[in-house]
Amino acid sequence: MTDVEMRDASDDSLQPVRILIDELKSDDVQVRLTSIRGLSTIATALGPERTRNELLPFLKESTDDEDDVLIAMAECLGEFCPLVGGPDHAHHVLAVLEVLCGAEETKAREHAVQSIVNIINQMSKEQVAQHAYPLAKRLAEGDWFTMYTSACGLFPALYPQLTNDQRTEFRGFYKKFVSNSAPIVRRAASANLGKFIREIELEYVTSEMLPLFAITAADEQDSVRFLSVETCVALAAKLAPEDAEKLILPTIKSLITDSSWRVRYMAADKFCGLSAIGNDSVKAEMVGQFIALLRDAEPEVRTAAASKISEYCSMVSESTIINQILPVARELVQDPSEHVRASLASNVMGLAPHLGKEKTLEHLQDIFLKLLKDEVPEVRLNVISKLDAVNKVVGVDPLSQSLLPAIMELAEDRQWRVRLAIINYIPLLASQLGVEFFDEKLADLCLSWLGDQVYSIREAATINLQKLIEVFGVEWAQSNIIPKVLNLYSHQNYLYRMTTLASIAALAKVMGPEAIDSTLLPLVLGMATDHVPNIRFNACKALEASIPHVTETCRETRIKPVLTKLYNEDTDNDVKFFANKALQVLNSCNA
Amino acid sequence: MASMAPRWRFSQLFGEKNPVEEVSDVDIVSAIEFDETGEFIAVGDRGGRVVVFEQARDTKADQSDFKFYAEFQSHEPEFDYLKSLEIEEKINKIRWCKRHNNAHFLLTTNDKTIKLWKLFEKNIKKIEENSPRDGLSFPSMNVTESVVAAVPRRVFSNAHAYHINSISLNSDSETYISADDLRINLWNLEISDQSFNIVDIKPENMEELTEVITSAEFHPVQCNLFMYSSSKGTIKLGDMRSSALCDQHAKSYEEEEDPANKSFFSEIISSISDCKFSGDGRYILSRDYLTLKIWDMNMEAKPVKTIKIHEHLRTKLCDLYENDCIFDKFECHLSADGSKLVTGSYNNMFYVYDWETDVVTSIDANKNYPSGDIRTTPMAQKKRESEDSMDWNKKCLHVAQHPHEDLIAVGASNNLFLYSANKEE
C-alpha cells in the first residue's frame, strides 16, 4: 500500500473516535454523556502521550458540567492508569479527579474518590508519596466543605502508604473534620471513621481515635450520631475484648438508649456486631438491651429489632432464647403495627434450627400459628415464605393442619396481588409437602386459579403448573392435571379457552414428545378451527411453541397441514400472520 | 433612649423608576430572602421569576449597595389535568442553602413543586474550529467570558395534594420540610423521588375540617425540632426524635382568648400568617392579622409580648371581610439578635419594632417619597394611619431582614425597597 492509502485506511478506522471527540463538546447532555462513557476508547485511539497532553487537560476544563456527566467521568477515569502510559504518568489523571472531588454532587465525589483509590493501588510507594499524598493534603486544607468530605473518604485507603510523620499529620486533619462546624463534614468524618480506624495502629486507636469516636457519638446532630453506630462495630473488631468492654461499652449503651429513634434504629440494625464484645456478664446484659429494643416505643425501631431476631439468637444460648427472647416475640405477635408483625413473621421462623425439633414444637409453634391467622395478608405470606426453615427441622405434619386453612384463605383473598403472591409459593410448598398432600388438598386450588377473573392470576397459574410438573414429573401430570386442564376447553367464555391454550404452550416445554402428541396436540389442532379469531391465532402460537418439542413426523403429518390451511384460507389477517410465523419456525426446524 | 436606637433611612429601590399606570400582575413581589451571609438577596415574583442581588464589596462605605447578580425563570404555569386546575407559577417561598463550595444553592417553591437551583459562574468556552488534519485532532477551547448561570439541580414534585405554603431547611444541611394546608413532608436534598410525611392533620371526614397549617419552620439549631402554625392561632412544636410520625405535638403555644373581644371575626383574625424562630432559637415570633406576638419557647400559656400593629382596623373588620383583605397574609421577621421585629401593613407602611426599648419606626415604602416619612416614636405614640386615605391594595406583605446588619428588604407591589440604619453616637 502506498503512504496515502495507508493514511486513508487509518482515517476510516479513526472516524468513530473522531465522532466521539466531537460529541464531547455537544450541547446535548445525553450526547456528551455517551461520549464520556467512551473515554477509554478515545484514550486508546489517541495513545498515551496525546491522552496526557490533550485529553486530560480538556477534561480538567470541563468539570462544571451536569451531575450525570461528572459521575460518568469520575467512573471512567478510574481505569485510566494503563491508558496514560502506566503508573508513572498516573498523576495526570489524579489532577482531573482532584477537581471532581470538590463537586457538589455526592455521587460524583464518591466515584472520584473510588477512582483515586483504584489508581493509588497501582502506584508505587514513591509515586504515592510524590503525588497522592500532596493531593490528599490539598483536599484536607482546601477552601470548600466538599473537599473535606472527599478527604474523609480518601484517608483510609491512603493511610497505609504514608510515613509516620505523614500519618500523624493526617490523624490531625481527621480530628479537625470531626469537630468542623458544618454538619456535612462531620457526617462524612463519622461515616468513614470505622474504615479509617481499621487501618490505624492500635496504640493510636486507643489514644487518638477513641476520643474522636466519643465526639461523634455525642454530636448534637442526629445524622452524625447514628453513623457512629457503625464505627462501634469497627472498634469492637479492632480492640482486645477487655479494652472494648472498658472503653466503648458505655458509649454503645448510650447509643442504644439514645433519645432519637433513628439512632436506636441503627443500633437495632447493627446489634449483632455491637454485641460481639465483652465477657459473659456483658453478653447477658446485652440480651436485656435487645429486649428493650424489641419493646421500644417507636414501631420503626421494633421492626428493625424484629428483623434481627434469628441472627442474634445464633449468638446466644438456647435457654436464653426460650426464657427471654421468645416471650417478647409472643408479645410482638399482637403488636399494633403491621410492619412489626410482618418483620417478625419473616424472621422468627429462622429460630427453628437453633432450637431443634422438640423445642420448636413446644415453644415456637404457637407463635407462627398465630401469625398465620393475622388479619394482614403480608404477615401470613411472610410466614409461608420461610416455611422451609421449619420444615427441615420439624417435618410437614404438624404444619399441615394449620397451614392448609391459611393457604386457602390467602388463595381466595379479595386482593389479587395477595393471590398472586401465594401462587408463587406453591411450587416451593409442593416440593416440601409431598405429592400425596398436594394431590389431596392443593390440586383443585391450582386448577381453580386457571379460571380466575384476573388475567395475571390465570397467567401465573399457568406458569405454576409448569413448575409443578418440574417438581412432580410428567406421569403425574398426565394422570392428574392434564385432563382437568383440557376440560376448560369446553367453556363458553373464550377467555377460558385462551387460558387452556396458554397452558398448553407452557406445558409443551416440559411434557415431552409422546405426551404432547397424544394428549395436547389434538386439542390445539381442534382449536385452530374455533370460530373466534383470537383463539385461532393463539392456537398458532401454541403450535409454534410446541414445534421444537415434537417429533419430525408429527410436525409434517399433523401440524404442517393445519398451519398451511390457515395461512392460505383464513379470512383474518392476524391468523394468517401467526400461521406464517409458525410455519417458518417449522421449516427452520426441519432444515 | 431614642438616640440609641438605630436611625433608619432609605437605601435602595429596585423596580420601575417612574410610576407605571397599571402594575403588571406578574411583576408583583411574592417572596424575599437573604442568604446566611447577607451578601445575597433573592426576590421571587408572581410570574415565577427569581431575581438575585449581590452586595457590592465596597470597603469604604460601612454598608455597601446591592446590585443585580442573576435572574432566572424558576416555575412555569402548569395545568393539572386530573383535577382540571391551573397551578400558578407564583413563587411562594425561597430559602437559601448553606454554602459548601463556590456555587450557591436555593430552594424555590410554588403551590405544588419545589426546585433546588444552583447559581454559579460559568465560563463560556468557544471551541476553535478543527483544522482538517489526518488522524485525530482535539478541540481547543478559549474562555471568552464568565456569566452567572442558574441550573435546576433537583425537582421535588407530586408530594402535596394542597397548596404548599412554606419550606424550611434543617440545621443538618441535608433535609428540609415542606408544608401545605394539611400535611408536612420531610425531604432529603439529594433524593427527589421520596418524601416522608411527618405531620398529617387531615380529618377522616373532610366535613369536620376546622383548621389548616399556615406556616412551618425548623429550629435554627436543634435538628429535631420544628414548629407549625395554624389558622386557629396555635403554634405547635414537633420533635422528630421522639417518633417517626409527629402528629402528637411536643408543645403547643396558644393564648386564651379574651371573651370580651370575641366576635364573628375572632377566629379569622387569630389565624397566624407567619411564624419565625429567633436566631438563637429561644423565641418564636408570630404574626396574626392585627398583632405580633413573641413567645418564649418555655412558656406555652401566653406570649411574652403582644404588639398591636394596626389596631384601628378592628372596627373595620366587616369591610375588610367584604373586600377579602382580612385574609391577607403578612410576613414577619426577627433580627439576628432577636431585638428588632419587622412586619408590614397597608398603605405601603411597614414597622420596625424594638421590643426591648419599646420603640417603633414607621416607614412608608412609597417610591414617590422614598426619603421622607420615616418616624421613630415610642410605641404608645405611634401615629394612627388616617382612615380615609387607607389604600387596601398597597400592602407590604413580604419583608426580610439581613442576618447581621440593620438592613431590611420590603416588597411593595412590583418594587423592592431596601432600608438600612446606622447607630447614632
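Protein sequences, first through last, are from chains A and B. Our numbering numbers the first residue of the first sequence as 26 and each following residue consecutively. Our numbering numbers the first residue of the second sequence as 179 and each following residue consecutively. Here a beta-carbon is modelled for each residue, glycine too, at the ideal position from N, C-alpha and C.
* To do: Taking C-beta pairs closer than 7 Å, name the residues in chain A that residue 350 of chain B reaches, listed in chain order.
  => The answer, in chain order, is 208, 246, 248.
* To do: From the DSSP output, in three-state form, read off residue 274 of chain B for me.
  => DSSP places residue 274 of chain B within a strand segment (E or B) once states are collapsed to three.
* Between the CA atoms of residue 592 of chain A and residue 602 of chain A - distance to the nearest angstrom -> Residue 592 of chain A has its alpha-carbon roughly 7 Å from the corresponding atom of residue 602 of chain A.
* Rounded distance between the beta-carbons of residue 425 of chain A and residue 393 of chain A, thought under 8 Å -> Actually they do not touch by this definition, with Cβ atoms about 13 Å apart.
* To do: With 8 Å as the threshold, decide whether the Cβ of residue 280 of chain B is near any Cβ in chain A.
  => Chain A, which has a Cβ nearer than 8 Å to the Cβ of residue 280 of chain B, makes this yes.
* Measure the Cβ-Cβ separation of residue 470 of chain B and residue 485 of chain B and say whether it is below 8 Å. => Yes, the Cβ-Cβ distance between residue 470 of chain B and residue 485 of chain B is below 8 Å.
* Residue environment, residue 387 of chain B, which counts as buried when at least 16 other CB atoms sit within 10 Å -> Around the CB of residue 387 of chain B, fewer than 16 other CB atoms lie within 10 Å, so the residue is classed as exposed.
* What is the residue span of the alpha helix (DSSP H) that residue 235 of chain B lies within? -> Looking at the DSSP string, residue 235 of chain B is not in any alpha helix (DSSP H), and its letter there is neither H nor E.
* To do: Can you say whether residue 186 of chain A is buried or exposed, counting buried as having 16 or more other CB atoms within 10 angstroms of its CB?
  => Under the 10 Å beta carbon count, residue 186 of chain A is surrounded by 16 or more other beta carbons and is classified as buried.
* chain D contact residues for residue 175 of chain A, given Cβ-Cβ distances below 9 Å -> Note that chain D does not occur in the displayed structure, where the protein chains are A and B.
* In three-state terms, what does DSSP make of residue 540 of chain A? -> Helix at residue 540 of chain A.
* Would you check if the region 375 to 393 of chain B and the region 292 to 303 of chain A touch, i.e. whether three or more CB-CB distances between them fall below 8 Å? => The region 292 to 303 of chain A vs the region 375 to 393 of chain B: no contact.
* Determine the chain B residues that contact residue 178 of chain A at a beta-carbon separation under 7 Å, and present them in chain order. => Going along chain B, no residue has its Cβ under 7 Å from residue 178 of chain A, so there is no contact; the nearest lies around 15 Å.
* chain A contact for residue 620 of chain B (CB, 8 Å cutoff) -> Any answer about residue 620 of chain B is impossible in this case: the structure gives chain B only from 179 up to 603.
* Asked: Under 8 Å, do residue 156 of chain A and residue 125 of chain A count as touching if we go by C-beta distance?
  -> No, these two residues do not count as a Cβ contact at 8 Å.
* **For residue 579 of chain A and residue 564 of chain A, the rounded distance between their alpha carbons** => One C-alpha to the other measures close to 16 Å.
* Among the residues of its own chain, which have a CB less than 6 Å from the CB of residue 328 of chain A, if the five just before and after it don't count? -> Closer than 6 Å at the Cβ level, and outside the excluded window around residue 328 of chain A, lie 364, 365, 368.
* **Interface residues of chain B facing residue 89 of chain A [CB-CB closer than 8 Å]** => Under the 8 Å cutoff, chain B gives 298, 300, 301.
* In or out: residue 258 of chain B buried (at least 16 other Cβ within 10 Å) or exposed? -> Residue 258 of chain B is exposed by the Cβ-count criterion.
* If you follow the alpha helix (DSSP H) that residue 382 of chain A is part of, which residue opens it and which one closes it? -> Residue 382 of chain A: member of the alpha helix (DSSP H) spanning 377 to 384, first to last residue.
* To do: Over the uninterrupted beta strand (DSSP E) stretch that includes residue 537 of chain B, give me the two end residues.
  => Taken as a continuous stretch (DSSP letters only), the beta strand (DSSP E) holding residue 537 of chain B covers 537 to 542.
* To do: Check the Cβ-Cβ distances between residue 375 of chain B and every residue of chain A, and say whether any is below 8 Å.
  => With its beta carbon at least 8 Å from every one in chain A, residue 375 of chain B lies outside the interface.
* To do: Could you name the residues of chain A that residue 422 of chain B contacts, counting a contact when the two beta carbons are closer than 8 Å?
  => Going along chain A in sequence order, the residues near residue 422 of chain B (Cβ under 8 Å) are 286, 323, 324, 325.
* Asked: Whose C-beta lies closer than 6 Å to the C-beta of residue 49 of chain A among residues of the same chain, with five residues either side of it excluded?
  -> Cβ neighbours of residue 49 of chain A beyond the five flanking positions: 60.
* To do: Less than 8 Å between the CB atoms is what I'm expecting for residue 76 of chain A and residue 42 of chain A, so what's the real figure, rounded?
  => The Cβ separation is near 12 Å, so there is no contact.
* Interface flag, residue 282 of chain A vs chain B, CB-CB below 8 Å -> In terms of beta-carbon proximity, residue 282 of chain A stays away from the interface with chain B, with every pair separated by 8 Å or more.
* Between the region 145 to 152 of chain A and the region 198 to 210 of chain A, do three or more beta carbon pairs fall short of 8 Å? -> Between the region 145 to 152 of chain A and the region 198 to 210 of chain A, the count of Cβ pairs shorter than 8 Å is below three; the stretches do not touch.
* Asked: At a cut of 8 Å, does the region 499 to 511 of chain A reach the region 551 to 562 of chain A through at least three beta carbon pairs?
  -> Look at the beta carbons and you see the region 499 to 511 of chain A not touching the region 551 to 562 of chain A: under three pairs across the two are nearer than 8 Å.
* Going along the region 129 to 151 of chain A in order, which residues come within less than 7 Å of chain B, judged by CB to CB distance? -> Those would be 129, 131, in chain order.
* **8 Å contact criterion, which residue 511 of chain B and residue 459 of chain B should meet: CB distance rounded** => Cβ-Cβ separation between residue 511 of chain B and residue 459 of chain B: approximately 15 Å, too far for a contact (criterion under 8 Å).
* To do: Check each candidate in B:444, B:251, B:339 and name the one with the smallest Cα separation from residue 260 of chain B.
  => Nearest to residue 260 of chain B by C-alpha distance, out of B:444, B:251, B:339, is B:339.
* Asked: Do you know offhand how far residue 434 of chain A's Cα is from residue 446 of chain A's?
  -> Taking C-alpha positions only, residue 434 of chain A is separated from residue 446 of chain A by approximately 13 Å.
* **residue 333 of chain A versus A:137, A:374, A:241, A:454, residue with shortest Cα-Cα distance** => Residue 333 of chain A has its Cα closest to that of A:374, out of A:137, A:374, A:241, A:454.
* Please compile the residues from chain A whose C-beta is within a distance smaller than 9 Å of the C-beta of residue 419 of chain B. => What residue 419 of chain B touches in chain A: 247, 283, 284, 285, 286, 287, 288.
* Asked: Anyone know if the C-beta pair for residue 326 of chain B and residue 247 of chain B falls short of 8 Å?
  -> Cβ atoms of residue 326 of chain B and residue 247 of chain B: closer than 8 Å.
* **As assigned by DSSP and simplified to three states, the class of residue 64 of chain A** => Of the three classes helix, strand and coil, the one that applies to residue 64 of chain A here is helix, per DSSP.
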